[in-house]
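When we follow my numbering, the leftmost residue of the sequence shown carries the number 64, and every step to the right adds one. First comes the structure, then the notes that go with it.
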Amino acid sequence: MVKQPLRSPEAGAGSIMTIASISAHQASRGQYTSDYCMSKGAVLSLIKQLGVEIAEYGIRVNCISPGYISTGLTASLVNKRPKLGEIFTTEPPMKRMGRRSDLKGATVFLLSDASSYMTSSEILISGGMHAGRL
Numbered sequence: 064m065v066k067q068p069l070r071s072p073e074a075g076a077g078s079i080m081t082i083a084s085i086s087a088h089q090a091s092r093g094q095y096t097s098d099y100c101m102s103k104g105a106v107l108s109l110i111k112q113l114g115v116e117i118a119e120y121g122i123r124v125n126c127i128s129p130g131y132i133s134t135g136l137t138a139s140l141v142n143k144r145p146k147l148g149e150i151f152t153t154e155p156p157m158k159r160m161g162r163r164s165d166l167k168g169a170t171v172f173l174l175s176d177a178s179s180y181m182t183s184s185e186i187l188i189s190g191g192m193h194a195g196r197l
């Protein structure tokens, strides 16, 4: 997508939204996911640099960074390693896993004109995990 020739700045605006993770900011207790954490950190670097590079074309680049979200993948992980289920529900200050629906509002916002002056930015949706642990 980024390798495609960009239109002239007069052609109009657009928005690119990616998904990083809270794992780009902190280690994940009970997991061995250094490769995953590294790749999500790269996503953050990408949105910062790419957002600056293509801003003049009216294209914004932002991302959401979810914490633990209840999906088929997380259910499979918990089935294999039950201790993770406890971590996923006790680590976030809100004491629950997020739902996919918890990501909708930020996604719609980032792709809409409501965020028209926002680029190279990240929205953390982590149930408070990004603020730290007690």
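Positions of the beta carbon are idealized from the N, C-alpha and C atoms, including for glycine.
Residue from the options with nearest C-alpha to residue i
| i | options | result |
| --- | --- | --- |
| G195 | R163, A177, P155 and S179 | P155 |
| G93 | I150, N142, S184 and N125 | I150 |
Residues that residue i bridges to, as DSSP identifies them
| i | result |
| --- | --- |
| V124 | I79 |
| S102 | Paired residue(s): none; S102 is not in a bridge. |
| P248 | This structure gives no information on residue 248, because the portion of the chain shown stretches from 64 to 197. |
| G198 | Outside the shown range of the chain, which is 64 to 197, sits residue 198, and nothing can be said about it. |
Residues near residue i by beta carbon distance below 8 Å, same chain, minus five either side
| i | result |
| --- | --- |
| L174 | S78 and M80 |
| K146 | G93 |
Simplified DSSP assignment, three categories, for residue i
| i | result |
| --- | --- |
| Y180 | coil |
| E185 | strand |
| G114 | helix |
Chain-order list of residues whose beta-carbon lies under 7 Å from that of residue i (same chain, five-residue window excluded)
| i | result |
| --- | --- |
| H193 | I85, H88 and L187 |
Beta-carbon proximity of residue i to residue j, cut-off 8 Å
| i | j | result |
| --- | --- | --- |
| G104 | M157 | no |
| V115 | A83 | no |
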